[in-house]
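Just so we're aligned: 756 in the working numbering is position 79 of the sequence shown, and the numbers increase by one with no gaps anywhere. A virtual CB, placed ideally from N, CA and C, is assigned to each residue, including glycine. Being a predicted model, the structure only gives us computed values, none of them experimental.
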Amino acid sequence: MAFGSFNSGASRPMAEINTTPLVDVMLVLLIIFLVTAPLMTQAVKVDLPQASSEAANPQPETLRLALDDRGRLYWNDALFAETDGQTLEGRLRVAASANRELEVQLSADRDTRYQRVAEIMSAAKRAGVVKLGFVTLPGS
């Protein structure tokens, strides 16, 4: 600690700050907070009103179409076959009419012919699908 001198000729200001009062005040505040903190944990019982509501922005239904390297089509991870009179365009039309916000996500293998991708895109357009997205892998 620095103290001033009693020399009458040397009247220099004190160059150091006395931090003892600051430390004393901080320790007193710490003790006060340690004593009062357990008292603040008392809970007040409040009867809140109950309300039911729906989500403001429901996520649109997404339909995942995938093409492998042999040109086989997968509808939501299940192999799609146009056998029992159900074409891709017809099934897309049914899905699009059931949900106007239907989003189709199309992913294709790197070795897939673009002609097959273009056929799926045109079938989706004819079926009335408005949102069509392409799924890619980053860095490949």
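Exercise. Using the C-alpha atoms, what's the distance from R768 back to A801?
Worked result: Near 10 angstroms, if we compare the C-alpha coordinates of R768 and A801.
Exercise. Is L750 closer than 9 angstroms to L818 when the C-beta atoms are compared?
Worked result: Within the shown structure, residues of the chain are numbered from 678 to 817, placing residue 818 beyond reach of any answer.
Exercise. Just how far apart, CA to CA, sit M798 and G748?
Worked result: Approximately 14 angstroms between the Cα atoms of the pair.
Exercise. Grouping DSSP H, G and I as helix and E and B as strand, with all else coil, what is S730?
Worked result: Three-state DSSP puts S730 in coil, outside helix and strand.
Exercise. Residues bridged to G810 by DSSP?
Worked result: Bridge partners of G810: Q782.
Problem set entry | Exposure of V807, with buried meaning 16 or more beta-carbon neighbours within 10 Å | Classified as exposed, V807 has fewer than 16 neighbouring CB atoms from the shown chains inside 10 Å of its CB.
Exercise. So, using beta-carbon positions, are L765 and F811 closer together than 9 angstroms?
Worked result: Not a contact, by the Cβ cut-off of 9 angstroms.
For this session: Return yes when the Cβ of T789 is within less than 9 angstroms of the Cβ of L744, no when it is not.
Result: With contacts defined by Cβ atoms closer than 9 angstroms, L744 and T789 form a contacting pair.
Exercise. What are the boundary residues of the beta strand (DSSP E) that includes T739?
Worked result: 739 to 744 is the extent of the beta strand (DSSP E) around T739.
Exercise. With 16 as the cutoff for other CB atoms within 10 Å, does V702 come out buried or exposed?
Worked result: Exposed.
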